[in-house]
Amino acid sequence: MKNLLLAALMCCSSYLSAQNLSPVAIDDKKMDAYLGGRKPATLIIEIKNLPDYGWAIKNETLSEFYGLISVAYWNNDMPRQVFNEINAHHPFFTSNGSAMYYNYLDIYVVSKKRFKKEEALVGTIKLFDSLFTQQRADVLKLFLLESEKDSYARSYPIIINSIKTSWCKEIAATELTKVDANQKRIDSLFALSKKLEKADIGTPLIRLPFDASLYQLDTVANIDDFIVSLKSKFPNKALIIDFWATWCVPCIADLPYSKTLHEKNKDLPIEYIYLCTSSGSSAQIWKNRIGDLQIPGIHIYVNDKIISRLKTALNAEGGFPTYVVIDINGKVNQTKITRMSALDRASVKKTVGL
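The sequence shown runs -18 to -1, 1 to 336 under mature numbering (1 follows the signal peptide of the UniProt record, and there is no 0).
Given below as structure tokens:
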């Protein structure tokens, strides 16, 4: 991937040279062909028909392009001249391409683990300030808000205090207010929770007002016994099991669809079971995710080693999210669901054998 992107960067540099801009010192005049191959319908036609806006199309294209170059160097060191070329670029628009440019550049800087965990945030902020102009550094600091959300009470003030650009500071302060209000809402939900009775599917924790029951599973003697206990706890019901992680973006994106499917089809004998891995997370982060999204169903926070054993036992080895169906007749299927967003009432009934 890196070689492919670097070849494209060579073409890009030639194009910049032809425009009397700062090149990466590579003599190759293939940028026009590259642009045509990337987006012929937009670039060639729009530049031809709207010559006064050629500069805008080129700027937007380079924003996207430099973002992809940053991706090629995630977890690696970018050559200085390549970094200088990317850093010299100034996106002109509020667009997907411009957002990608800043986001991927931000990830490039933070992806290589340069600091101990307890020093990572402050170290990253100082690194931003040393590499970029104040305004660009402050823009990149805004991207830290999402990754630091789970520890916002400590992290957000540090980020905000480091920001000098007024509009960036205002955005960060507004985000702090929003995240704090949301956390208070989540805390109020847990304050209304009730204790659960003992069960064979994990240590009972609490039952939340939106019909979510939380358990924790740290050890299990026999995986097959656990699967049997899970099925027997919900007799005469089909099970939809969702293996997910708190840091998994596709998992989080699919959960609201699962919630909607559940709420619109409560009359169907289906139990929704969410098995969250402990890997890269904590029980508190897990609880906050559930409280934030208000997903009804059975939620179990599972030791990652048990998750691996469960996936193997159910023949569902893979990444996250992974879905397993135990239909109304007890038959296990690992391929019927790829995304919850694809299901409606008719398809979910067919999926679980109703």
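All residues carry an ideal CB built from backbone N, CA and C; glycine is no exception.
Keep in mind that this is a model prediction, so the values were computed, not measured.
Discussion item. By DSSP's criteria, Ile141 is part of a beta bridge. Which residues make up the other side?
Written reply: Paired residues: none, contrary to the question.
Worksheet item: Which residues in the same chain have their Cβ closer than 6 Å to the Cβ of Leu237, if we skip the five residues on either side of it in sequence?
Response: Counting only Cβ-Cβ distances below 6 Å, and skipping sequence neighbours, we find Leu275, Ile277.
Worksheet item: Excluding five sequence neighbours on each side, which residues of the same chain lie with their C-beta closer than 6 Å to the C-beta of Lys21?
Response: Note that Lys21 scores a pLDDT of 43, beneath 50, so its modelled location is shaky; the value from the coordinates is reported in the next line. Answer for Lys21: no residue qualifies.
Worksheet item: Taking C-alpha atoms, which residue in Leu126, Ser148, Trp149 lies nearest to Ile140?
Response: Closest option to Ile140, Cα to Cα, is Leu126.
Practice prompt. List the whole-angstrom C-beta distance separating Lys215 from Ile183, where the pair is believed to meet the contact cut-off of C-beta under 8 Å.
Written response: Separation of the CB atoms of Lys215 and Ile183 is rounded to 6 Å, and the pair is thereby assigned contact status at 8 Å.
Worksheet entry | Among Asn57, Thr156, Asp249, nearest to Arg327 - alpha-carbon criterion | Comparing Cα-Cα distances from Arg327 to each of Asn57, Thr156, Asp249, the minimum goes to Asp249.
Worksheet item: Taking the alpha-carbon positions, what's the Asp120 to Leu292 distance?
Response: Roughly 44 Å between the two C-alpha positions.
Practice prompt. Please name the residue, chosen from Leu199, Lys246, Gln316, that lies closest to Ala265 on a Cα-to-Cα basis.
Written response: For Ala265, the closest of Leu199, Lys246, Gln316 by C-alpha to C-alpha distance is Leu199.
Worksheet item: Alpha carbon to alpha carbon, what distance is there between Asp111 and Ala324?
Response: Distance from the CA of Ala324 to the CA of Asp111, rounded to the nearest whole angstrom, comes to 44 Å.
Item to complete: Closer than 6 Å by C-beta to residue 406: which residues in its own chain qualify, once you throw out the five before and the five after it? Chain order, please.
Response: Here the chain has residues from -18 to 336 only, and residue 406 is not among them.
Practice prompt. Compare the beta carbon distance of Ile145 and Ala154 with 7 Å and say whether it is the shorter of the two.
Written response: Cβ distance < 7 Å, so Ile145 and Ala154 count as in contact.
Worksheet item: Secondary structure at Ser260, three-state DSSP: helix, strand or coil?
Response: In this structure, Ser260 counts as coil in the three-state DSSP scheme.
Worksheet entry | Start and end residues, alpha helix (DSSP H) containing Tyr90 | It spans 78 to 93 - the alpha helix (DSSP H) in which Tyr90 sits, taken as one unbroken run.
Discussion item. Check whether the segment 92 to 109 and the segment 63 to 76 touch, using three or more Cβ-Cβ pairs below 8 Å as the test.
Written reply: Too few Cβ pairs lie closer than 8 Å, so no.
Worksheet item: Of the choices Pro33, Ser77, Asn57, Gly36, whose alpha-carbon is the least far from that of Ser45?
Response: Answer by Cα proximity: Ser77.
Worksheet entry | Every unbroken alpha helix (DSSP H) inside the segment 155 to 227 [4 residues or more] | Whole alpha helix (DSSP H) segments, 4+ residues: 205 to 215.
Worksheet item: Going straight from the alpha carbon of Arg321 to that of Ser52, what length do you get?
Response: Taking the CA atoms as reference points, Arg321 sits about 30 Å from Ser52.
Discussion item. To the nearest angstrom, how far is the alpha carbon of Arg189 from that of Tyr254?
Written reply: If you take the alpha carbons of Arg189 and Tyr254, they lie about 15 Å apart.
Worksheet item: For the beta strand (DSSP E) that Ile308 lies in, which residues bound it at each end?
Response: Here the beta strand (DSSP E) through Ile308 covers 304 to 308.
Worksheet item: Do you know offhand how far Phe74's Cα is from Ile280's?
Response: Looking at the two C-alpha atoms, the distance is approximately 47 Å.
Fill in: C-beta contact flag for Val161 and Tyr197 at 7 Å
Against a cut-off of 7 Å, the Cβ pair of Tyr197 and Val161 comes out as no contact.
Worksheet item: Using DSSP with H/G/I as helix, E/B as strand and the rest coil, what is Tyr283?
Response: Strand, per DSSP.
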